[in-house]
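This report refers to the structure that appears directly beneath it.
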Amino acid sequence: MIPVVMSGGSGTRLWPLSRKHKPKQFLNLFGDDSMFQQTILRLKGLDSASPIVVCNESHRFMVAEQLLEIGIESPSILLEPAGRNTAPAIVSAAFQALSREQDPVLLVLAADHVIADIEAFHQAIKIAEQQALAGNLVTFGIVPNCAHTGYGYIQAEEKEAISAVKQFVEKPDLETAEQYLASGEYYWNSGMFMFKASLLLEEMNKFNPDIVEKCRLAVSQSEQDLDFVRLNKTAFEACPSDSIDYALMEKTNKAVVVPLDAGWNDVGSWSSLWECSQQDENNNVLKGDVEIQNVKNAYIHSEHRLVSAIGVEDLVIVETADAVMVASKAQAQDIKDIVAKLKSQSRPEAENHRLCYRPWGYYDSIDLGERFQVKRIRVKPGASLSLQMHHHRAEHWVVVQGTAEVTRDDEVFLLSENESTFIPVGQKHRLHNPGRVPLEIIEIQSGGYLGEDDIVRFQDNYHRN
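Per full-length UniProt numbering, residue 1 is the first one in the sequence shown, and the count goes up by one each step.
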């Protein structure tokens, strides 16, 4: 069995914690591991191979590093050159899996789900695997505990049993959802699947041969780049965009639903995150430096400073280094409208945190003025920034921890703690950490334009343009 982890998505519904370049699946919302890492770790104890992860290019180094942190060896990381929904992603993963194994069973998972009962989850997977080996396309149906209007539903031929799928239905209104719940014939659509790679491609070829052909070309013409497989851009972008539900599961006569009652949640809003988290005696969830008085039913998250609340109920309060969001839990799903406004105004808070991760480490923009910017830069042991130059800014570097190897045109020299150097406008330069401890510097940029796109790269260890 090969797990296929779908790790796309922009995570706007959990803004400001979740942003385009670090969406919710890469956040530690429930303990010390990210949701992406928990998705893979909860498979421990099952007979499964190293996973295939499908993600977009901007997340590739985060995916690789988080896999390394949990000891996953030899994963296949497929990079989508463009978003084309779940069907092309899964079909591409199937072709990749067939290049690794002879007709494996694929377990398709989303990277951002919560599953509380691991034992029940494992039992459902074992049942689903037998169904997949018997020639069925399996979807996991979540046993509903309320008339939820935010999920699609699956109607089964039989109640409370492994059953053929009668139909998939869209998100219902409340009255319809209540009817579904009362009938006992419906499950929430989890978006998790299991099937043999060959059967997936065979059935997809009946209903959407264009997707199959374009994905076959995208994988066969892919390029290996470091630890990543870059799907061919031309072929993949020509692929129709469609979900696996529409493209296949609603059309095939081989769809089977396996019931899953394991404390599942897709954490699609702040209110659902509050529901999934450990609450105190007043039904509050408090994260970080928070002080409250007479507060009930609240989710309060502080990342960088003290947050205090008095005499409020049913609120979501989230503080990050560059944004504060306050919403009623009942309307927290509308946060996507705020994010859309920020994007329309080209506000950086819509897509990036102040702390930006890079393959070599990270930088934190700690101050910004009209003609200057101050960053705290941390470089991992042995890592290097690209050999680069800037047309519009000069830089001053001060080492505060570790040792820096500085390249400045043809000159290469070392800087120790409390030493500094100056990089003039237009001069080629590179920063490298030759030591065994993280390197930290304070970088002061000055000039008429300070944007991240004012970088001309001459050499880069990470194959960035």
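Glycine is no exception: its CB is placed at the ideal position from the N, C-alpha and C atoms.
Computed from a predicted structure; not experimentally measured.
If we ignore side chains and look at the alpha-carbon of each, how far apart do residue i and residue j end up?
| i | j | result |
| --- | --- | --- |
| residue 208 | residue 346 | 38 Å |
| residue 454 | residue 424 | 14 Å |
| residue 261 | residue 206 | 32 Å |
| residue 141 | residue 188 | 6 Å |
| residue 310 | residue 171 | 37 Å |
| residue 33 | residue 53 | 17 Å |
| residue 434 | residue 48 | 38 Å |
| residue 233 | residue 173 | 39 Å |
| residue 152 | residue 9 | 18 Å |
| residue 339 | residue 62 | 23 Å |
| residue 279 | residue 314 | 13 Å |
Taking the beta carbon of residue i as the centre, do at least 16 other beta carbons fall within 10 Å, making it buried, or is it exposed?
| i | result |
| --- | --- |
| residue 112 | buried |
| residue 301 | buried |
| residue 139 | buried |
| residue 377 | buried |
| residue 426 | exposed |
| residue 457 | exposed |
| residue 16 | buried |
| residue 95 | buried |
| residue 368 | exposed |
| residue 59 | buried |
Can you tell me whether DSSP reads residue i as helix, strand or coil?
| i | result |
| --- | --- |
| residue 163 | strand |
| residue 436 | coil |
| residue 363 | strand |
| residue 313 | strand |
| residue 85 | coil |
| residue 409 | coil |
| residue 352 | coil |
| residue 140 | strand |
| residue 345 | coil |
| residue 180 | helix |
| residue 401 | strand |
| residue 455 | coil |
| residue 469 | Residue coverage of the chain in this structure runs from 1 to 465, which leaves residue 469 outside it and unanswerable. |
| residue 30 | coil |
| residue 91 | helix |
| residue 259 | strand |
Only counting the same chain, and skipping five residues up and downstream in sequence, which positions put a Cβ closer than 6 Å to that of residue i?
| i | result |
| --- | --- |
| residue 18 | 11, 24 |
| residue 83 | none |
| residue 293 | 310 |
| residue 374 | 366, 367, 444 |
| residue 449 | 392 |
Please state if the CB of residue j and the CB of residue i are separated by a distance shorter than 9 Å.
| i | j | result |
| --- | --- | --- |
| residue 55 | residue 7 | yes |
| residue 405 | residue 432 | yes |
| residue 195 | residue 78 | no |
| residue 242 | residue 116 | no |
| residue 307 | residue 285 | no |
| residue 20 | residue 357 | no |
| residue 218 | residue 271 | no |
| residue 401 | residue 439 | yes |
| residue 408 | residue 446 | no |
Can you list, in chain order, the residues of its chain with a C-beta nearer than 7 Å to that of residue i? Leave out the 5 residues immediately preceding and following it.
| i | result |
| --- | --- |
| residue 132 | 105, 138, 194, 195, 196 |
Keeping to the same chain, check which residues put their C-beta closer than 8 Å to that of residue i; ignore five residues upstream and five downstream.
| i | result |
| --- | --- |
| residue 127 | 162, 258 |
| residue 40 | 3, 5, 51, 67, 70, 72 |
| residue 146 | 181 |
| residue 185 | 155, 156, 159, 166 |
Answer with yes or no whether the minimum CB distance from residue i to chain B is below 9 Å.
| i | result |
| --- | --- |
| residue 9 | Considering every chain present, this structure includes no chain B. It has just one protein chain. |
Do residue i and the ligand MN come close, with the Cβ less than 8 Å from some heavy atom?
| i | result |
| --- | --- |
| residue 326 | Of ligands this structure carries none, so the ligand MN is not represented either. |
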